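So the structure is just underneath, and the comments pick up after that.
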Amino acid sequence: IAHGQRVVIVSLATDGSDGPTDAAGGMVDAGTVARGTAAGLPAADHLSNNDAYPFLAATDDLLLCGPTQTNVNDLIFVFVF
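Sequential numbering from 925 applies to the sequence shown in my numbering.
And the structure:
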């Protein structure tokens, strides 16, 4: 998402965890890459390694809710405003 664009993308697992992690998912916006860069984490490296957790944790963009006792499906939302 280019800086200044008014878009938010949210991806989450309805059961409250994605794979072996404690995160239900994450979200990104126009400032996510800049926050990661400021934390010393190159976004391209994490994308190419399929390792978003530490990047999104450093940018405060992880979704942590704990077990929900449901398992509807994985959901992806794109908000344009």
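We put the beta carbon where it would ideally sit given N, CA and C, even for glycine.
In this text the structure is predicted, and so the values were computed from the model without any measurement.
A residue is called buried when at least 16 other Cβ atoms come within 10 angstroms of its Cβ; L936 meets this threshold and is buried.
Rounded to the nearest whole angstrom, the CA to CA distance from G955 to A981 is 14 Å. Exclusion of the five residues before and after F1001 leaves V934 as the residues of its chain whose Cβ lies within less than 6 Å of its Cβ. About 20 Å separates the CB atoms of A958 and L987; that is not less than 8 Å, and the two are not in contact. For V931, the enclosing beta strand (DSSP E) covers residues 931–937.
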